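Student: In this note's numbering, the protein residues as written are 7 to 300.
First, the structure itself, so that you have it in front of you.
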């Protein structure tokens, strides 16, 4: 039997260090399952009242994800730019504190922008070949956008600091932002992203969903069972995608492409469900529990 590295030609074509490979594994094993709670969210929103309605939800989720993959294959540069933009909004919404529209927008752009923009610009030499592999063409336009956005991010963070000076409730999250910024600067780019995605974003999202839904009709045990099932399906789909990659492609390049294009594909339906529907759902869809974080 041909071993995996041999089947994919070479390993290490991107020059990823061991910490970065561990980071990719953490993103897949720890980070991706946070989206598996979408099954419980769908139940809370009424999409799982019958097997037919749950089937429709799953089909819609898969179709949207598949459309993202196809769009990426046809328009990779536009797709990556849009992925970075929606990721910035999604991450920022998850980290922002309740408040007025202006205050919430500043928090969202600061937290989400730091993940996307700072990691990229702090480690441009290491990130460029990653972007190039995901784009399969020139990265010039992408870096022009990111470099320009950095000035806007600086203004946003300054406004955030002013808001935090006036409102003590914002100071812990501003401190978190500063600590993460330092980590992004010190750690390799994939390790910095994995730190945020796994330890901050995923944990915060799962804790929020658990608090909201654990005492509802879904129940804690059902939520975990659904999350486990959805995680298995996601991992299986990723393994299948990796197996279908061209044999001549280096293993680390193939893994990188599957992980990040897969993330983009799952982020779109995940955002529609969580940020578009669940955040705006009436409170009777959610439990009132404020404790019980897993």
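Backbone N, C-alpha and C define an ideal beta-carbon position, used for all residues, glycine too.
The model shown is predicted, which means the values in this text are computed figures rather than measured ones.
CB-CB under 7 Å to residue 197, same chain, minus the five flanking residues each way: which ones, in chain order?
Tutor: Translated into the one-based positions of the chain shown, residue 197 becomes position 191. Hits under 7 Å: 25, 26, 29.
Student: Output the distance between the C-alpha atoms of residue 47 and residue 149, rounded to the nearest integer angstrom.
Tutor: For the purposes of this step, residue 47 is taken as the residue at position 41 of the chain shown. For the purposes of this step, residue 149 is taken as the residue at position 143 of the chain shown. So the alpha carbons of these two residues sit roughly 36 Å apart.
Student: For residue 113, name the three-state secondary structure that DSSP assigns.
Tutor: In the chain shown, counting from the first residue as 1, residue 113 sits at position 107. In this structure, residue 113 counts as helix in the three-state DSSP scheme.
Student: For residue 275, count neighbouring C-beta atoms within 10 Å of its own C-beta (all shown protein chains included) and say buried if the count is 16 or more, exposed if not.
Tutor: On the chain shown, position 269 is the one that residue 275 refers to. Residue 275 should be labelled buried.
Student: Would you say residue 123 and residue 159 are within 7 Å of each other, going by their C-beta atoms?
Tutor: Stepping through the chain shown from its first residue, residue 123 is reached at position 117. Stepping through the chain shown from its first residue, residue 159 is reached at position 153. Yes, the pair counts as a contact, with Cβ atoms nearer than the cut-off.
Student: How many angstroms separate the CA atom of residue 43 from the CA atom of residue 173?
Tutor: Taking the chain shown and counting its residues from 1, the one referred to as residue 43 is at position 37. Taking the chain shown and counting its residues from 1, the one referred to as residue 173 is at position 167. Take the alpha-carbon of residue 43 and the one of residue 173: they are about 33 Å apart.
Student: Less than 8 Å between the CB atoms is what I'm expecting for residue 201 and residue 193, so what's the real figure, rounded?
Tutor: As a position in the chain shown, residue 201 is number 195, starting the count at 1. As a position in the chain shown, residue 193 is number 187, starting the count at 1. That belief holds up - the Cβ atoms of residue 201 and residue 193 are roughly 7 Å apart, short of 8 Å.
Student: When the distance is taken between beta carbons, is residue 272 closer than 7 Å to residue 71?
Tutor: Start at 1 with the first residue of the chain shown, and residue 71 comes out as number 65. Start at 1 with the first residue of the chain shown, and residue 272 comes out as number 266. Their beta carbons are under 7 Å apart, which means residue 71 touches residue 272 by this criterion.
Student: Specify, as a first and last residue, the run of the alpha helix (DSSP H) that residue 83 falls within.
Tutor: The sequence position of residue 83 within the chain shown is 77, counting from 1. Unbroken alpha helix (DSSP H) run through residue 83: 82-101.
Student: Grab me the residues of residue 145's own chain with a C-beta within less than 7 Å of its C-beta, minus the 5 sequence neighbours each way, in chain order.
Tutor: Numbered from 1 along the chain shown, position 139 holds the residue referred to as residue 145. The answer, listed in chain order, is 134, 137, 138.
Student: Which whole-angstrom value is the C-beta distance of residue 214 and residue 97, which I expect to be below 8 Å?
Tutor: Here residue 214 refers to the residue found at position 208 of the chain shown. Here residue 97 refers to the residue found at position 91 of the chain shown. 14 Å between Cβ atoms; not a contact.
Student: So what's residue 285 in DSSP terms, helix, strand or just coil?
Tutor: Taking the chain shown and counting its residues from 1, the one referred to as residue 285 is at position 279. Looking at residue 285 - three-state DSSP - the assignment turns out to be coil, as it is neither helix nor strand.
Student: Helix or strand or just coil, what does DSSP make of residue 26?
Tutor: The residue given as residue 26 occupies position 20 in the chain shown. Looking at residue 26 - three-state DSSP - the assignment turns out to be helix.
Student: Could you tell me whether the segment 233-241 touches the segment 32-40, where touching means 3 or more Cβ pairs closer than 8 Å?
Tutor: yes
Student: Starting from residue 258, follow the alpha helix (DSSP H) in both directions and report where the run begins and ends.
Tutor: By 1-based counting over the chain shown, the position of residue 258 is 252. 257-277 is the span of the alpha helix (DSSP H), which, as asked, contains residue 258.
Student: CB-CB under 7 Å to residue 284, same chain, minus the five flanking residues each way: which ones, in chain order?
Tutor: For the purposes of this step, residue 284 is identified with residue 278 of the chain shown, where counting begins at 1. Cβ within range, chain order: 47, 51.
Student: Along the alpha helix (DSSP H) that carries residue 178, what are the first and last residues, could you check?
Tutor: Residue numbering aside, residue 178 sits at position 172 when the chain shown is read from its first letter. Start and end: 177-192.
Student: Buried or exposed: which applies to residue 100, given that a residue is buried once 16 or more other Cβ atoms fall within 10 Å of its Cβ?
Tutor: By 1-based counting over the chain shown, the position of residue 100 is 94. Buried, by the Cβ-count rule.
Student: Please classify residue 57: is it buried, with 16 or more other beta-carbons within 10 angstroms of its beta-carbon, or exposed?
Tutor: The residue given as residue 57 occupies position 51 in the chain shown. Exposed, by the Cβ-count rule.
Student: Beta-carbon within less than 8 Å of residue 210's beta-carbon, same chain only, minus the 5 sequence neighbours each way: which residues are those?
Tutor: As a working mapping, residue 210 is identified with position 204 in the chain shown. 100, 101.
Student: If the criterion is Cβ atoms closer than 7 Å, does the pair residue 90 and residue 141 meet it?
Tutor: Here residue 90 is taken as the residue at index 84 of the chain shown, counted from 1. Here residue 141 is taken as the residue at index 135 of the chain shown, counted from 1. The answer is no: Cβ separation not under 7 Å.
Student: Does DSSP put residue 209 in a helix, in a strand, or in coil?
Tutor: Here residue 209 refers to the residue found at position 203 of the chain shown. Residue state, collapsed to three classes: helix.
Student: Under the three-state reduction of DSSP, which class applies to residue 251: helix, strand or coil?
Tutor: Looking up residue 251 in the chain shown gives position 245. Here DSSP, grouped into helix, strand and coil, assigns residue 251 to coil.
Student: Quick check on DSSP: helix, strand or coil for residue 296?
Tutor: Stepping through the chain shown from its first residue, residue 296 is reached at position 290. Its pLDDT being 34, under 50, residue 296 is placed unreliably in this model, and the coordinates cannot settle the point.
Student: By how many angstroms is the C-alpha of residue 67 removed from the C-alpha of residue 179?
Tutor: As a working mapping, residue 179 is identified with position 173 in the chain shown. As a working mapping, residue 67 is identified with position 61 in the chain shown. Each residue's Cα considered, the two are about 32 Å apart.
Student: Report the three-state DSSP secondary structure of residue 129 (helix, strand or coil).
Tutor: Working through the chain shown from its first residue, we reach residue 129 at position 123. Coil, per DSSP.
Student: Relative to the C-alpha of residue 216, which residue among 79, 45, 62 is closest?
Tutor: Working through the chain shown from its first residue, we reach residue 216 at position 210. The shortest Cα separation from residue 216 among 79, 45, 62 belongs to 45.
Student: Among 236, 155, 143, which has the Cα closest to the Cα of residue 125?
Tutor: To locate residue 125, count along the chain shown from 1; it is residue 119. Of the listed residues, the one whose Cα sits closest to residue 125 is 155.
Student: Can you give me the C-alpha to C-alpha distance between residue 55 and residue 61, rounded to a whole angstrom?
Tutor: Translated into positions along the chain shown, residue 55 becomes position 49. Translated into positions along the chain shown, residue 61 becomes position 55. Distance between the alpha carbons of residue 55 and residue 61 is about 11 Å.
Student: Between the Cα of residue 268 and those of 257, 103, 247, 252, spot the shortest distance and give me the residue it belongs to.
Tutor: Translated into positions along the chain shown, residue 268 becomes position 262. For the residues 257, 103, 247, 252, the minimum Cα distance to residue 268 belongs to 247.
Student: For a quick check, are the C-beta atoms of residue 270 and residue 151 less than 7 Å apart?
Tutor: Counted from its first residue, the chain shown places residue 270 at position 264. Counted from its first residue, the chain shown places residue 151 at position 145. Against a cut-off of 7 Å, the Cβ pair of residue 151 and residue 270 comes out as no contact.
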